[in-house]
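Here the structure comes first, spelled out in structure tokens, and everything after it is commentary.
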Amino acid sequence: MSHISDRKYAMDQGLPVEAVRKLIKRLDVPFVRIGKGDSLVLMFDTEQLNAAIESSKKSKKDRRRGPRKSSK
């Protein structure tokens, strides 16, 4: 398990830190809060985040509509 901070992950991916924090919380990835206020950092496992993202992509594909049937 390789843990990384939300700030480091955001910098590596070219995303805003707030977007990464929302993603972590929305996908229900376990994390550890360190610090308070402006020095707040979330530490999480990148493998778990990647697995949650892949799972989310698969469920979106399952929800897609199939081709429309013509009524001829």
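Counting in the numbering used here, the sequence shown tops out at residue 162, every number present. In this text, a Cβ means the ideal position worked out from N, Cα and C, and glycines have one as well.
Exercise. What does DSSP give as the partner residues of V110 in its beta bridges?
Worked result: BP columns for V110 are empty, so no partner.
Exercise. From what residue to what residue does the alpha helix (DSSP H) around D102 run?
Worked result: 96–103
Problem set entry | Reduced DSSP secondary structure (H/G/I, E/B, other) of D128 | helix
Exercise. R116 and L132: beta carbons closer than 8 Å?
Worked result: no
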